[in-house]
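Sequential numbering from 2 applies to the sequence shown in this note's numbering. For glycine and all other residues, C-beta sits at the position ideal for the given N, C-alpha and C. Only a predicted model underlies this, so the values are computations on that prediction, with no experimental measurement involved. First the structure, in the form of structure tokens, and then the observations on it.
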Amino acid sequence: ELKIPEYIDGKKITEIGNRAFGDCKNVTSLELPDSVEVLGGYLFAGGGDSLVSLKLPANEIKEAKICEQWFSDIHWCFSFGPFAGCSKLRNVEIPKGWTKVPASLFEDCSGLENVKIPETVTELGARAFLGSKISYVVIPDSVKTIDYECFGGCPFKGLIGGRNLQLISEYDYKSDEYNWDGEERPYATFGDGTGTFYGYKGSYLEKWTIDHEDYVEEETEFQDYYCLDDKWETD
């Protein structure tokens with residue numbers, strides 16, 4: 002069990018560097034102090050498959066850095082989210098008070114199945130859950146933006162909510178200077194580009210699904226609903 006203190010030798014801990022816990026093969030839980038503002042990439046490089054429990058800082062993470070490796074003769078880089086390789090991390094809870102889930106925060110966290118997003122969050126960053134195992138997600142009314150590839154590569158089956166969504170981004174691969182093959186869409190914002198959306202009539206989400214008919218399943222429904230005893234009921 003690894004608990005990082007807020008101060009070490011009188012110095013406040015505000016950032017966890019790239020590969021900070023590399024090759025730590027026996028860490029089952031990680032608790033980060035509220036002072037941390039930045040997370041590096043690939044924190045558990047070579048050992049993260051033992052992590053099953055994570056407590057994020059109560060104060061919002063400002064940035065989740067991507068760890069990059071550049072080679073002098075080959076202009077290419079490999080990128081990893083902070084918890085890439087943490088295949089046993091199944092559930093995460095975004096702390097209440099956060100307004101944004103940073104880009105790539107749980108990218109390549111291949112075992113992640115469930116995420117709880119509080120009503121304070123207004124934005125889900127690009128690739129935040131790319132490559133995880135999330136199949137269903139509840140989007141609270143506070144969320145206004147879901148950035149590109151947020152749930153890309155997931156076995157995505159459905160989204161619930163999204164009353165106040167104002168923007169869902171899709172990455173423009175054709176304009177990407179590094180997309181030499183001109184691929185249409187390696188990753189959709191939601192899984193492989195399909196799913197069932199349960200939202201509200203007249204909402205942005207309803208319009209978005211109409212404009213992206215090839216992204217959603219035929220049984221997509223739009224009717225007002227409310228939550229009662231953790232069960233979704235229609236009005």
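Going by beta carbon distance, what residues of the same chain come within less than 6 Å of residue i, once the five residues before and after it are set aside?
i	result
Asp-148	Gly-126, Ala-127 and Ser-170
Tyr-188	Glu-150, Gly-153 and Gly-154
Cys-25	Gly-48
Glu-114	Arg-91 and Lys-134
Thr-146	Glu-124 and Leu-168
Leu-131	Glu-108, Glu-150, Gly-153 and Gly-154
Glu-94	Lys-117
Please tell me whether residue i and residue j are closer than 8 Å, where the distance is taken between their beta carbons.
i	j	result
Val-144	Leu-160	no
Ser-133	Phe-107	yes
Leu-52	Lys-89	yes
Pro-83	Gly-23	no
Glu-38	Ile-62	yes
Thr-190	Gly-153	yes
Arg-164	Ser-105	no
Pro-96	Leu-33	no
Lys-66	Leu-40	yes
Ala-59	Val-102	no
Thr-100	Glu-124	yes
Kindly list the residues whose CB is nearer than 8 Å to the CB of residue i, restricted to its own chain and excluding five residues on each side of it in sequence; keep chain order.
i	result
Pro-141	Ile-118, Pro-119, Glu-120, Val-122 and Gly-162
Asp-231	Low confidence applies to Asp-231: its pLDDT is 42, below 50, so where it sits in the model is not reliable enough to give any reading.
Glu-7	Lys-13, Ile-14, Pro-34, Asp-35 and Ser-36
Glu-16	Val-37, Glu-38, Val-39, Leu-40 and Gly-41
Thr-29	Glu-2, Ser-51, Leu-52, Val-53 and Ser-54
Gly-112	Cys-87, Ser-88, Lys-89, Leu-90, Arg-91, Ser-133 and Lys-134
Ala-21	Gly-41 and Leu-44
Phe-81	Gly-42, Tyr-43, Ala-46, Ile-67, Cys-68, Glu-108 and Asp-109
Using DSSP bridges, identify the partner residues of residue i.
i	result
Trp-209	The partner list for Trp-209 (beta bridge, DSSP) is empty, contrary to what the question assumes.
Thr-197	Gly-159
Ser-30	Ser-54
Tyr-8	Lys-13
Phe-191	Phe-152
Leu-168	Thr-146
Below 8 Å on the Cβ atoms is my guess for residue i versus residue j; work out the distance and round it to an integer in Å.
i	j	result
Asn-19	Cys-68	4 Å
Ile-9	Ser-36	That belief does not hold up - the Cβ atoms of Ile-9 and Ser-36 are roughly 11 Å apart, past 8 Å.
Gly-196	Lys-158	6 Å
Leu-206	Leu-168	That pair is no contact at about 11 Å.
What residues in its chain sit with their C-beta under 7 Å from that of residue i, if we drop five residues either side in the sequence?
i	result
Tyr-179	Note that Tyr-179 scores a pLDDT of 48, beneath 50, so its modelled location is shaky; the value from the coordinates is reported in the next line. Same-chain partners within the cutoff: there are none.
Pro-156	Lys-134, Ser-136 and Gly-192
Tyr-172	Tyr-149 and Glu-150
Ala-85	Tyr-43, Glu-108, Asp-109 and Cys-110
Lys-208	none
Asn-27	Ser-51
Self-check item: Length-filtered (3 minimum) beta strand (DSSP E) runs lying within the segment 34 to 67
Solution: Entirely contained in the segment 34 to 67, the beta strand (DSSP E) runs reaching 3 residues are, in chain order, 54 to 56.
Quiz prompt | Whole runs of the alpha helix (DSSP H) within the segment 73 to 151, excluding any shorter than 4 residues | solution = Fully enclosed alpha helix (DSSP H) runs of 4 or longer: not present.
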